[in-house]
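**Student:** Before I ask anything, let me first share the structure, which is written out below as structure tokens.
2 protein chains.
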Amino acid sequence: MSDNEDAAERIRKAAIALFKTHGYHATPVRALAEVAKIEAGSLYYHFPSKQEILFDNFVRTMDMLLEGLARAVETESTPRRRLRVAVRNHVLFHTRRQDEAFISHTEIRALSEQNRREILAKRDLYEERFCELLRAGVEAGVFHIPDVRLTNIAILTMCSGVADWFLHDGRLDEESVAERYVEMVERLVGYSRSTESSDRKRLPARRRKARR
Amino acid sequence: MSDNEDAAERIRKAAIALFKTHGYHATPVRALAEVAKIEAGSLYYHFPSKQEILFDNFVRTMDMLLEGLARAVETESTPRRRLRVAVRNHVLFHTRRQDEAFISHTEIRALSEQNRREILAKRDLYEERFCELLRAGVEAGVFHIPDVRLTNIAILTMCSGVADWFLHDGRLDEESVAERYVEMVERLVGYSRSTESSDRKRLPARRRKARR
DNA sequence: GTCTATAACTAGATAGAC
DNA sequence: GTCTATCTAGTTATAGAC
Chain A
3 MSDNEDAAER IRKAAIALFK THGYHATPVR ALAEVAKIEA GSLYYHFPSK
53 QEILFDNFVR TMDMLLEGLA RAVETESTPR RRLRVAVRNH VLFHTRRQDE
103 AFISHTEIRA LSEQNRREIL AKRDLYEERF CELLRAGVEA GVFHIPDVRL
153 TNIAILTMCS GVADWFLHDG RLDEESVAER YVEMVERLVG YSRSTESSDR
203 KRLPARRRKA RR
Chain B
3 MSDNEDAAER IRKAAIALFK THGYHATPVR ALAEVAKIEA GSLYYHFPSK
53 QEILFDNFVR TMDMLLEGLA RAVETESTPR RRLRVAVRNH VLFHTRRQDE
103 AFISHTEIRA LSEQNRREIL AKRDLYEERF CELLRAGVEA GVFHIPDVRL
153 TNIAILTMCS GVADWFLHDG RLDEESVAER YVEMVERLVG YSRSTESSDR
203 KRLPARRRKA RR
């Protein structure tokens, strides 16, 4: 955190670090001020309240996610490729903006009711757009999903979970993790190149008979 | 919450409800006392501190999870069946003990350092025992997993996520959700009855060639 | 085992000088 | 735009009566 940044940005970064480690309610404004190298009173020149600092982080995080998803859909044309890019994007966001994403998981309850409504609307929009990617693949016959809504939420929680455990100097770098998650998602959606070959692989009639 | 329960139990249940809704730090002891139908001072006869009430919830939750996993492994013999029962057990725990499980996700940071160490040790133990189920299947040739540790964490976060969204009067009842999650996990581990048939399905030499 | 009263402290936010 | 000083309210926990 450079000292030359403007104060608002230093406060934002202090909030990300402290809310992630201790949580919103366990972080006094005085602690935010100390990390941001400012006095507590001065902080209120840049933000009207502690709540607004948290809300600011939520808005930025959700908007980045939504923009990333929109880009992913634009740049690819087939359902499979769109899903692959969307998942890669989602996972990389949760490694690159790990702390912000983590706060967005854990501190929704700390938002005021009005702010929470606004953020949940953005989250619902993201989930719905992601779900559309799955439905498109099912309708094209390349994904085979018994319950699209359930698989959608399972995929998103699985991928968002990366923010909980990823270590930047760990065994796998972020690109490797993203690749593996793309592979796992393709298993979850039962990807196959065409309906016929997939049906042969997923539900072979002969094998079914042999089971009894 | 019955008024006839002993006070300690009423305090536990009040804590589960309030910590889930507002979080640990946003829940005053006076609020716990009010919901437990007791005065704030009386609460300290049953628990030495607010922290101890939170820790109590963590210990109970983790111990229930560990016991459930041990039972799952005992009652089944094949890798596939063990995994199926373990996943079903895990998901049903996160619907039946939804609030406790949710708190265990979101409030780890609120534990004192010593308490947190103790709980993380239990969590690591659970993850390691779960991972063993995957390894057993890989060694038996019935699971096909590129990175067992990664798939393990992906499965567990996916299944634990049920506590975040499950509604007891929602579209799917808990048994249906558990069944579908078992199916999804089987896709993730690349289950197949024997090594040969699975290798044919997953990495067909001809298709690989045709790709270039 | 539960109560009332309160100690000791910390919280978020504001006022006004510079 | 940043500072110091402070207001008001709320916090966990304890003391001692019953």
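Chains A and B, in that order, are what the protein sequence lines are.
Residue numbering for the first sequence follows our numbering, starting at 3 and increasing by one per position.
Residue numbering for the second sequence follows our numbering, starting at 3 and increasing by one per position.
In this text, a Cβ means the ideal position worked out from N, Cα and C, and glycines have one as well.
Give a yes or no on whether 8 Å exceeds the smallest Cβ distance from threonine 97 of chain A to chain B.
**Tutor:** By this cut-off, threonine 97 of chain A is not an interface position.
**Student:** Out of curiosity, what's the CA-to-CA distance linking valine 187 of chain B and arginine 82 of chain B?
**Tutor:** In a straight line, the C-alpha of valine 187 of chain B is about 11 Å away from that of arginine 82 of chain B.
**Student:** Counting only beta-carbon separations shorter than 8 Å, does alanine 207 of chain A have a partner in chain B?
**Tutor:** Bear in mind that a pLDDT of 39 at alanine 207 of chain A, under 50, signals an unreliable position, so the number given afterwards is only what the model happens to contain. Closer than 8 Å: no.
**Student:** Does any CB atom of chain B fall closer than 8 Å to the CB of alanine 16 of chain A?
**Tutor:** No, because no Cβ of chain B sits closer than 8 Å to the Cβ of alanine 16 of chain A.
**Student:** Compare the C-beta of glycine 43 of chain B against all C-beta atoms of chain A and say whether one is closer than 8 Å.
**Tutor:** No, because no Cβ of chain A sits closer than 8 Å to the Cβ of glycine 43 of chain B.
**Student:** Can you give me, in chain order, the residues of the stretch 141-153 of chain A that have a beta carbon less than 9 Å from any beta carbon in chain B?
**Tutor:** Per Cβ criterion, the list reads Pro148, Asp149, Arg151, Leu152, Thr153.
**Student:** Skipping 5 residues on each side, what residues in its chain have a beta carbon closer than 8 Å to that of asparagine 59 of chain A?
**Tutor:** Correct list, in chain order: Arg14, Ala17, Ile18, Phe21, Glu102, Ile105, Ser106.
**Student:** Given that a residue counts as buried once 16 or more other Cβ atoms are within 10 Å of its Cβ, and exposed if not, what is tyrosine 26 of chain B?
**Tutor:** Buried: at least 16 other Cβ atoms inside 10 Å.
**Student:** Express the C-alpha separation of alanine 74 of chain B and alanine 10 of chain A in angstroms, rounding to a whole number.
**Tutor:** Taking the straight line joining both Cα atoms gives about 53 Å.
**Student:** In the structure shown, what three-state DSSP assignment does valine 187 of chain A receive?
**Tutor:** Helix.
**Student:** In chain order, what residues of the same chain have a beta carbon less than 7 Å from the beta carbon of leucine 94 of chain B, not counting five sequence neighbours either side?
**Tutor:** The answer, listed in chain order, is Glu176, Ala180.
**Student:** Tell me, please, whether the CB atom of histidine 170 of chain A is closer than 8 Å to any CB atom in chain B?
**Tutor:** No, its Cβ sits nowhere closer than 8 Å to a Cβ of chain B.
**Student:** Beta-carbon of alanine 112 of chain B versus every beta-carbon of chain A: anything under 8 Å?
**Tutor:** It does; some Cβ of chain A falls within 8 Å.
**Student:** Alpha helix (DSSP H) containing serine 162 of chain A: first to last residue?
**Tutor:** Serine 162 of chain A -> alpha helix (DSSP H) spans 150-162.
**Student:** Let me know if glutamate 109 of chain A comes out buried or exposed under the rule of 16 or more other beta-carbons within 10 Å of its beta-carbon.
**Tutor:** Glutamate 109 of chain A is buried by the Cβ-count criterion.
**Student:** Name the two residues that bound the continuous alpha helix (DSSP H) containing threonine 216 of chain B.
**Tutor:** Lying outside 3 to 214, the shown extent of chain B, residue 216 of chain B is not represented and no answer is given.
**Student:** Quick one: using the 10 Å Cβ neighbour count with 16 as the cut-off for buried, is arginine 84 of chain A buried or exposed?
**Tutor:** Counting Cβ neighbours within 10 Å, arginine 84 of chain A comes out buried, since at least 16 surround it.
**Student:** Taking CB distances under 8 Å as the criterion, tell me whether alanine 156 of chain A reaches chain B.
**Tutor:** Yes, because at least one Cβ of chain B sits closer than 8 Å to the Cβ of alanine 156 of chain A.
**Student:** For aspartate 175 of chain B, decide whether its Cβ has a neighbour in chain A, counting only Cβ atoms nearer than 8 Å.
**Tutor:** So no, aspartate 175 of chain B is outside the interface.
**Student:** Starting from serine 44 of chain B, trace the alpha helix (DSSP H) both ways and give me its first and last residue.
**Tutor:** First-last of the alpha helix (DSSP H) with serine 44 of chain B: 42-48.
**Student:** Since aspartate 166 of chain A meets chain B, which of its residues come closer than 8 Å, beta carbon to beta carbon?
**Tutor:** Under the 8 Å cutoff, chain B gives Thr159.
**Student:** Distance, Cα to Cα, leucine 174 of chain A vs glutamate 115 of chain B?
**Tutor:** So the alpha carbons of these two residues sit roughly 28 Å apart.
**Student:** Helix, strand or coil for phenylalanine 145 of chain A, going by three-state DSSP, please let me know.
**Tutor:** Reduced to three states, the DSSP call for phenylalanine 145 of chain A is coil.
**Student:** Using the C-alpha atoms, what's the distance from glycine 139 of chain B back to glycine 163 of chain B?
**Tutor:** Approximately 24 Å, taken between the alpha carbons.
**Student:** Could you tell me which of B/Val184, B/Leu152, B/Arg118 sits nearest to valine 87 of chain B, measuring between CA atoms?
**Tutor:** Nearest of B/Val184, B/Leu152, B/Arg118 to valine 87 of chain B, Cα basis: B/Val184.
**Student:** Compute the Euclidean distance between the alpha carbons of proline 50 of chain A and leucine 34 of chain A, then round it to the nearest angstrom.
**Tutor:** Rounded to the nearest angstrom, the two C-alpha atoms are 14 Å apart.
**Student:** Under a three-way DSSP split, which group does tyrosine 128 of chain A fall into?
**Tutor:** The answer is helix: DSSP assigns tyrosine 128 of chain A an H, G or I state.
**Student:** Spatial neighbours of arginine 131 of chain A within its chain, please: C-beta separation below 7 Å, excluding the five flanking residues on both sides.
**Tutor:** Answer for arginine 131 of chain A: Leu71, listed in chain order.
**Student:** Among the candidates A/Arg32, A/Cys161, A/Asn154, whose CA atom is the shortest distance from the CA of lysine 52 of chain A?
**Tutor:** Of A/Arg32, A/Cys161, A/Asn154, the residue nearest in Cα terms is A/Arg32.
**Student:** If I measure Cβ to Cβ from asparagine 117 of chain A and keep anything under 6 Å in the same chain, skipping five residues before and after, which residues do I get?
**Tutor:** So the qualifying residues of the chain are Phe57.
**Student:** Count the other CB atoms within 10 Å of the CB of arginine 195 of chain B; is the residue buried (16 or more) or exposed (fewer)?
**Tutor:** Exposed is the call here.
**Student:** Report all residues from its chain with a CB closer than 8 Å to the CB of aspartate 65 of chain B; omit the five preceding and five following residues, and keep chain order.
**Tutor:** Counting only Cβ-Cβ distances below 8 Å, and skipping sequence neighbours, we find Lys124.
**Student:** Rank A/Leu45, A/Pro30, A/Thr29 by C-alpha distance to the C-alpha of aspartate 8 of chain A and give the top, closest one.
**Tutor:** Closest by alpha carbon: A/Leu45.
**Student:** Apply the 10 Å Cβ neighbour rule to leucine 152 of chain A and answer buried if 16 or more other Cβ atoms are within range, or exposed otherwise.
**Tutor:** Leucine 152 of chain A is buried by the Cβ-count criterion.
**Student:** Since alanine 28 of chain A meets chain B, which of its residues come closer than 8 Å, beta carbon to beta carbon?
**Tutor:** In chain order: His27, Arg111, Ala112.
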